[in-house]
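Beneath this line is the structure, given in structure tokens, with notes to follow.
4 protein chains.
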Amino acid sequence: MYELGRSKRASHAYSFDDVAIAPARRTRGEDEVDLTWKIDAVSFDVPIVAAPMDSVMSPSTAIEMGRLGGLGVLNLEGLWTRYEDPQPAYELLTQDCDQVTATKRLQEIYAEPVKPELIRDRLAELRQADVPVAGSLSPARTQEFAPILEKAGMDFFVIRGTTVSAEHVGGDNALNLKEFIYNFDTPVLVGGVATYRAALHLMRAGAAGVLVGFGGGTTHTTSAVLGIEVPMASAVADVAEARRDYLEESGGRYAHIIADGATGRSGAIAKAIACGADAVMVGSPLARATEAPGRGWHWGSDSYHPRLPRGQRSFFEQVGTLEEVVLGPSRVPDGTMNLAGALRKSMALTGYTDIKSFQRIDLILH
Amino acid sequence: MYELGRSKRASHAYSFDDVAIAPARRTRGEDEVDLTWKIDAVSFDVPIVAAPMDSVMSPSTAIEMGRLGGLGVLNLEGLWTRYEDPQPAYELLTQDCDQVTATKRLQEIYAEPVKPELIRDRLAELRQADVPVAGSLSPARTQEFAPILEKAGMDFFVIRGTTVSAEHVGGDNALNLKEFIYNFDTPVLVGGVATYRAALHLMRAGAAGVLVGFGGGTTHTTSAVLGIEVPMASAVADVAEARRDYLEESGGRYAHIIADGATGRSGAIAKAIACGADAVMVGSPLARATEAPGRGWHWGSDSYHPRLPRGQRSFFEQVGTLEEVVLGPSRVPDGTMNLAGALRKSMALTGYTDIKSFQRIDLILH
Amino acid sequence: MYELGRSKRASHAYSFDDVAIAPARRTRGEDEVDLTWKIDAVSFDVPIVAAPMDSVMSPSTAIEMGRLGGLGVLNLEGLWTRYEDPQPAYELLTQDCDQVTATKRLQEIYAEPVKPELIRDRLAELRQADVPVAGSLSPARTQEFAPILEKAGMDFFVIRGTTVSAEHVGGDNALNLKEFIYNFDTPVLVGGVATYRAALHLMRAGAAGVLVGFGGGTTHTTSAVLGIEVPMASAVADVAEARRDYLEESGGRYAHIIADGATGRSGAIAKAIACGADAVMVGSPLARATEAPGRGWHWGSDSYHPRLPRGQRSFFEQVGTLEEVVLGPSRVPDGTMNLAGALRKSMALTGYTDIKSFQRIDLILH
Amino acid sequence: MYELGRSKRASHAYSFDDVAIAPARRTRGEDEVDLTWKIDAVSFDVPIVAAPMDSVMSPSTAIEMGRLGGLGVLNLEGLWTRYEDPQPAYELLTQDCDQVTATKRLQEIYAEPVKPELIRDRLAELRQADVPVAGSLSPARTQEFAPILEKAGMDFFVIRGTTVSAEHVGGDNALNLKEFIYNFDTPVLVGGVATYRAALHLMRAGAAGVLVGFGGGTTHTTSAVLGIEVPMASAVADVAEARRDYLEESGGRYAHIIADGATGRSGAIAKAIACGADAVMVGSPLARATEAPGRGWHWGSDSYHPRLPRGQRSFFEQVGTLEEVVLGPSRVPDGTMNLAGALRKSMALTGYTDIKSFQRIDLILH
């Protein structure tokens, strides 16, 4: 604890940029590394979850993500459930213009109401492909659409907001998370969360996994607008302790940690796991895939809030197919392609062969 | 304390950029958040004070600020009290030109003497609108114009300089602050101040509130010119302890803390209060309002000193009405619109419902 | 140790940029400074090793490097052993183009297989010049080409990879380093290595010297891609302790430390030795020599990996002959010419006359 | 002390940018501030010494500097003592060209030998004006030109090099500083020096004052070329302790500290004195004066070393007369004009009225 001033003390928190993975005394062959991530009844080849952002996830890219061994999550409050045909909306949102105009367009296009029948139809489309099905809602609208979700038969339901707590008090559409999860058949992944205590409460509420961070590291401006910030390395390392404590107090329930924010480079993905994450949720690298519906433009749900937008639309040059982005081969030396291969290499060079043991590696601050 | 060198030790001080608000385990509905700020007999809907800078405050914008629920402060040593018609001066000061020319023009235009009768007339204009009335002077000229002020019937009188102390020794027009406040009917807000001890002395001199910081964070160059700097997070947290100690030693007098500097983004406003401030004084976001007399150009009283200018004129794109800047809705994701809404959201996401309790939130260093 | 988060602690590591050489109370004449570096049976006038990068080392520049008093190392898996005539390849790789195209070309050109007979011929060419002969291979291909190397009669054999350990487990072409070195006549320099423990194991495996760092500081992107980083000042200072401990446990075997990374300015070369290195391996300053085969373009073996490239091709303006770069005179004030003269000056100004004692100088953090 | 790595520890040192002057509880009128600096028999109105750099000091600007109340120092190894008429050299050195060409020209122009008779004549010219006379030489040439200096009747002789020690061993033209000063009538100011111990030795050798730092902060590249760096705040604070210890051990001899480096803004000048300096040596702000012989171009003696240049020629826009730069009024808000006025203001705002007491002010780290 450091003294901020006479009336206040503060602890230091670190971002992924503040830490680095240090090679140890042993190295391994890459072919010995196993990236498998098992959560609930599902096993994934790679511990990578695609963020429910309209710029990267359409029904078809969500399916492709599953085929590549990861998990695609469709935004159930996004363009695909507001518009029967979202292409005209994408057309408008992928034109070059200044940030003020971009924000205005986002606010207008997302003013269109979410249609329950489109939630149903989009999930059915995912269901037909033989991949794990996942969709996301904000906490405020979860209760409203829960009945549709229950009939849809998803593998994972993601509740995702800037900050989601198990103890939300008051407000419209307030969600009693514990009760909701108890009554809901599908495993729930929920976040953002940033601290040991908040994460422990989410775990106790029955979350199968928690999203650590606020997502959209590349695009969000939460710090400038709200003053709220989550240095990710410390947040993940804090929540990892909550996972351990909950495992003990629950007599064996392992709540997964999904790092969701500032994970846009493969190096940061490796660091997230080295800090204790089981998997990562990524956005911007997928925006670089030729199949991305945003055609290189990237935005999150923070960017179209009607009264307080907190995200910028950004552009990324497209570099290859979604498969190349996730599994390689890479053609760019900047950590945005072959995400799985880079994680594998990082583990091999430091002598680890599975995710769980890699979580224990020593890190350095620099 | 760190050792600077063998002969000197120094303590570490932190700016708003060095700290962040960390979400806790509870969240609240935004409609439960109360932003009310009560000082003396007046209650404000939002804890936001407009800085007495000619670029943002004219009589009409000062009145509008009051109508929006905050406090507008007119610079009583500025264009409006030097010129019967300040529009030609504004015309010159809002033309694009290099910094050297801009400084020369500022020095020339502000060489015009302040007219006592204009102080009287401008305050009368504010008085007629049904909003709290406030005006500001520098310490050096307070004594001179005090008689006019007393007759004007203000709600708050602001004494604002780079550094104002309760123990000024020597110099022309030296002000005995304690005596002045004792004899002056209107509550006095006074600063800048940056340390526990200096603030405690101002409180003991009878200040209803102290301005922490030097104002004009966006435009001033005090650090380059004077070597003086006030990392705001530490300054506010230090002075908050002075408020607590003075409350005890005075048997219940609560001196308000107004953070005045580096508060140009809504995120920083939230941090200022999280460090212990009761309210904030803002300048640059208001320069972005379409009603701002500076038309996007922004300058403070530091910038026109005749022998030692210490501020730069800056330009900000105008983004919406003053109401939109203060109360929203926002159309930009950078923390310069919907200042009150952003503060409300920040408090809701961290589970706080009023300013006093939000002052106690834990912060992190990053 | 700092607390990253509740579940993890980390130690702080420092780069060359974080440290500085502090003048002491004594100065020396430059003519009293002796830069001699003795390793195995060979004595070098300057403790500078040219990195085995195709952009700087051809057979002729490797020879010239030896003539200047340093050590040139030829990349035995590079253009000179893949192509009988590498000039067309150099032609393609030294054209201006964007990074994506550059990476694609590098991957294509280095897809050509390495020819054993070319390894033999190139080493023979070096042998004929009367300078120390050194070549390098990656660990994965060392075993395969070992028989050719043994016949070639080198003075030093360099095994160089991103991270090389004495305990590599599994993978194709896995190298048992200890056994290899035991059976191999030529002294082996091996790395990169970054930690005390890993370095100690390499020393115990019989390495005559270890390369500390990952090389190619100017061009590699290991941090962005793998999350792995080696703040060099700390790495060298850590490994220097391994050298001391190994010296004692082996009863007198002195394993040399060659700093290999972030040593592209003469100031950093001085810092590397001040941290404990016996010599440095440099790349980018040599790319600025008019004789450099890369004609100012610079790339390392990281940049052409077929599935996970981790380096960028960079351009440096050519400033003088290789002799001027290494021994001066300098015509640029940026630390990229007269490397030996700058080291000599740095030692003289701080009062040291030989490499071994300069390793003990006090440094400061800033 | 921090652990750099297992074999090495290092202490932390701070630059002027790392520290700030914190206002205290008292303020003063500016007219109460006394900037007088007394050294030996001479009293200066302002504690500002002009650096012996050809870009700012000609005989006429050195004289003007004295008339303004400071001390001008002429470079006795520069253009004015190499050329009877230095104007053609200035013509060449003040043309716009790239850095490589600039360095080449500097090396060529300064290859011209220094003429003893010109040293004599230039000093005589200064002598005729009724101001304190000072000139500088490098340590290597001090012995050679000493006889001329003795006859010239200077008030101060400055020996200035990158690092000057009282215990220089070996080299051509080695200077026995203690003996030299003992036999030399004029008070000697000598540096650069950066540490307590080195400074104490210079004081014991009889220096009337020591120059702390390496000068030419704006232009020199000592860090990139030599790895040597002197974070100025710590250096001055360290040497201030040497002054105190020497005062005691010598029974009352007060050796002056002149901060020489990174003092190019008035804010840094105030910080230098706040760290313990008695006066500052400045270069770049003077290059902005219309009278500066370099016409805005600025270079130091580091920049023309024949084999290892360590400085860049830089350009500064000219802003006013030398008088305006030193004594104001200022027309720019960046700390490069009205240096004395800014120092006066800084002291007044923090409640100090003389240099000696201002040396004891508390600083903060940020």
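Residue numbers (the working numbering), protein chains in the order written: chain A, 1 to 366; chain B, 1001 to 1366; chain C, 2001 to 2366; chain D, 3001 to 3366. Beta carbons are placed, not taken as given, at the ideal position from N, Cα and C, and that holds for glycine.
- Annotation: Tyr1304 (chain B) to Arg3028 (chain D) spans about 21 Å, alpha carbon to alpha carbon.
- At a cut-off of 8 Å between beta-carbon atoms, Ser1234 (chain B) makes contact with chain A.
- Annotation for Thr186 (chain A): Met154 and Phe157 place their beta carbon closer than 6 Å to its own, counting only its chain and skipping 5 residues before and after.
- Residue range Lys1008 to His1012 is occupied by the beta strand (DSSP E) that includes His1012 (chain B).
- Look at the beta carbons and you see the stretch 3222-3240 of chain D touching the stretch 2340-2349 of chain C: at least three pairs across the two are nearer than 8 Å.
- In terms of Cβ geometry, Gly69 (chain A) and Val46 (chain A) form a close pair [threshold 8 Å].
- Counting of Cβ neighbours within 10 angstroms places Phe1316 (chain B) among the buried residues, the total reaching 16 or more.
- The beta carbon of Thr2222 (chain C) sits closer than 6 Å to those of Phe2214, Ile2228 and Arg2310, all from its chain and outside the five residues before and after it, given in chain order.
- In this structure, the beta-carbon distance from Ser58 (chain A) to Pro293 (chain A) falls below 8 Å.
- Boundaries of the alpha helix (DSSP H) harbouring Lys2104 (chain C): Gln2099 to Ile2109, taken from the DSSP string.
- Restricting attention to beta strand (DSSP E) runs no shorter than 3 residues, the stretch 2170-2258 of chain C encloses them at 2188-2193 and 2209-2212, ordered along the chain.
- From the listed residues B:Tyr1254, B:Glu1249, B:Asp1334 and B:Glu1117, the smallest Cα separation to Lys1151 (chain B) is found for B:Glu1117.
- Judged by their CB atoms, His2256 (chain C) and Ala2233 (chain C) are not nearer to each other than the 8 Å cut-off.
- Counting every other CB atom within 10 Å of its CB across the protein chains shown gives Asp260 (chain A) a total of 16 or more, marking it as buried.
- A Cβ-Cβ contact shorter than 8 Å links Val1073 (chain B) with Ala1050 (chain B).
- Leu123 (chain A) sits close to Val133 (chain A), with the two beta carbons spaced by under 8 Å.
- Along the stretch 3179-3190 of chain D, none of the residues has a CB nearer than 8 Å to a CB of chain B.
- Under the Cβ distance rule, Asp2155 (chain C) does not count among the residues neighbouring chain D, no pair being separated by less than 8 Å.
- Between His366 (chain A) and chain B, the shortest Cβ-Cβ separation is not below 8 Å.
- With a beta-carbon spacing of about 16 Å, Ile21 (chain A) and Ala240 (chain A) fall beyond the 8 Å limit used to define contacts.
- In this structure, Arg253 (chain A) and Asn1338 (chain B) do not form a Cβ contact; the two beta carbons are roughly 41 Å apart against a cut-off of 8 Å.
- Going by beta carbons, Val164 (chain A) and Pro139 (chain A) fall inside the 8 Å limit.
- For the stretch 2223-2254 of chain C, the beta-carbon criterion of a distance under 7 Å to any beta-carbon of chain A is satisfied by Ser2223, Ala2224, Val2225, Leu2226, Gly2227, Ile2228, Glu2229 and Pro2231.
- When the alpha-carbon of Thr2061 (chain C) is set against those of C:Glu2144, C:Ala2274, C:Arg2141 and C:Gly2283, the nearest one is in C:Gly2283.
- At a cut-off of 8 Å, the C-beta of Cys3275 (chain D) has a neighbouring C-beta in chain B.
- Of all residues in the stretch 1260-1291 of chain B, those with a C-beta nearer than 8 Å to a C-beta of chain A are Arg1265, Ser1266, Gly1267, Ala1268, Ile1269, Ala1270, Lys1271, Ala1274, Cys1275 and Gly1276, reading in chain order.
- With respect to the 8 Å criterion, Gly191 (chain A) and Arg160 (chain A) are classified as neighbours on the basis of their beta carbons.
- Contact with chain C is absent for Ile258 (chain A), since none of that chain's Cβ atoms lies less than 8 Å from the residue's Cβ.
- Proximity of the stretch 3004-3016 of chain D to the stretch 2343-2363 of chain C meets the contact definition, three or more beta-carbon pairs being nearer than 8 Å.
- Against Gly1005 (chain B), the close residues of chain D are Ala3013, Tyr3014, Tyr3196, Ala3233, Ser3234, Ala3235, Val3236, Ala3237, Asp3238, Val3239, Ala3240, Glu3241, Cys3275 and Gly3276, in the order they occur along the chain (beta-carbon pairs closer than 9 Å).
- Of all residues in the stretch 294-322 of chain A, the ones placed with a Cβ closer than 7 Å to any Cβ belonging to chain B are Ser303, Pro306, Arg307, Leu308, Pro309, Arg310, Gly311 and Gln312, in chain order.
- Excluding its 5 nearest sequence neighbours in each direction, Tyr3246 (chain D) has C-beta neighbours in its own chain below 8 Å: Leu3200, Met3203, Arg3204, Arg3253 and Ala3255, listed in chain order.
- Taking a Cβ-Cβ cut-off of 8 Å, Ile2355 (chain C) has no neighbours in chain D, whose nearest Cβ is about 14 Å from it.
- DSSP lists no beta-bridge partner residue for Trp80 (chain A).
- The DSSP-derived three-state label of Tyr3304 (chain D) is helix.
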